[in-house]
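Trainee: If you read the sequence shown in this note's numbering, its first letter stands for residue 6, the second for the next number, and so on.
One structure follows; several queries about it will come next.
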Amino acid sequence: MRQEVRFCIANDGVRLAYATSGHGAVVVKVGHWMTHLERDWTSPVWRHWVEFLSREHTLVRYNERGCGLSDRDCPTLTLEDWVDDLEVVVAAAGVDRFSLFGASGGGPVAIAYADRHPDRVTGLVL
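This is the structure we're talking about:
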C-alpha cells in the first residue's frame, strides 16, 4: 500500500502536509501531536491503524501545524487554528462527506469541526 503526500496552505500561511491512502468511503484522521506522515507507516503505534483504515477506506491524514512534515514555525497554536487547518486539509483533499477520527489531541478538534459542519460528518470516532 502507498500513500500520496501533498501540501496545502492554512489561512495564516502555515504549510500543512496531508496524505491519502486506500480506496473507498472516506475517513479523515485529525492531526495531533507526535505524528509524522512518513514515520507513521513504520511506527508500532500507528502502522496498524493506517493499514487497517486504508484497506477498505480512503484515509486522509495530516500533520498538524508544528509537527511532522508541516511547518514547524507557526504564529499560533489554538483550537481555532487546528479546526481551521482541518477545514483547509479537507478542502485540499476534495472530500465532501466523511467519517472523522479524532484520537488524542485530535478529539477536541474533531468535535469542534463536527459541530461547525454537521452536514459533512457522517460519523465521529473519538
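Don't be surprised by glycine CBs; every beta carbon is placed ideally from N, CA and C.
1. Got a sec? Which residues, its chain only, sit under 8 Å from R20 by beta carbon, not counting five neighbours each side?
2. Mark V130 as exposed unless 16 or more other C-beta atoms lie within 10 angstroms of its C-beta, in which case mark it buried.
3. With a Cβ-Cβ cutoff of 9 Å, do L91 and V33 count as a contact?
4. Compare the beta carbon distance of A108 and H37 with 9 Å and say whether it is the shorter of the two.
5. Measuring alpha carbon to alpha carbon, tell me which of D89, V114 and V95 ends up nearest G18.
6. What did DSSP end up calling L131 once you bin it into helix, strand or coil?
7. I need the straight-line Cα distance from F57 to A115, nearest angstrom please.
8. Mind listing, in chain order, the continuous beta strand (DSSP E) runs of no fewer than 3 residues lying wholly within the region 48-91?
9. Quick one: what's got a C-beta closer than 8 Å to V65's C-beta in the same chain, skipping five residues either side?
10. Just mark V50 as buried or exposed, buried being the case when its beta carbon has 16 or more other beta carbons within 10 Å.
11. With a 10 Å radius around its C-beta and 16 neighbouring C-beta atoms as the bar for buried, classify E9 as buried or exposed.
12. Once DSSP output is grouped into helix, strand and coil, what is the label at A30?
13. Helix, strand or coil: how does DSSP classify R102 here?
Mentor: Checking against the coordinates, here is how it stands:
1. Sequence index remark: in the sequence shown, residue 20 carries index 15 (1-based). Excluding sequence neighbours, R20 sits near F12, C13, I14, S75 and D76.
2. Taking the first residue of the sequence shown as position 1, residue 130 is located at position 125. Exposed: under 16 other Cβ atoms inside 10 Å.
3. As a working note, residue 91 is residue 86 in the sequence shown. As a working note, residue 33 is residue 28 in the sequence shown. Closer than 9 Å, so yes.
4. Start at 1 with the first residue of the sequence shown, and residue 108 comes out as number 103. Start at 1 with the first residue of the sequence shown, and residue 37 comes out as number 32. In contact: A108 and H37 (Cβ atoms closer than 9 Å).
5. Reading the sequence shown from its first residue, position 13 is the one you call residue 18. Ranking the options by Cα distance to G18, first place goes to D89.
6. Counting from 1 along the sequence shown, the entry for residue 131 is found at position 126. Of the three classes helix, strand and coil, the one that applies to L131 here is coil, per DSSP.
7. Here residue 57 corresponds to residue number 52 of the sequence shown, with the count starting at 1. Here residue 115 corresponds to residue number 110 of the sequence shown, with the count starting at 1. Their backbone Cα atoms lie some 20 Å apart in a straight line.
8. 62-67
9. As a position in the sequence shown, residue 65 is number 60, starting the count at 1. Excluding sequence neighbours, V65 sits near Y23, A24, T25, V31, V32, V33, K34, V94, V95, A98, V100 and F103.
10. Counting from 1 along the sequence shown, the entry for residue 50 is found at position 45. Counting Cβ neighbours within 10 Å, V50 comes out exposed, since fewer than 16 surround it.
11. Working through the sequence shown from its first residue, we reach residue 9 at position 4. Classification of E9: exposed, given that the 10 Å Cβ count is below 16.
12. Here residue 30 is taken as the residue at index 25 of the sequence shown, counted from 1. Three-state DSSP puts A30 in a strand.
13. Your numbering for residue 102 matches position 97 in the sequence shown. Note: R102 maps to coil in three-state DSSP.
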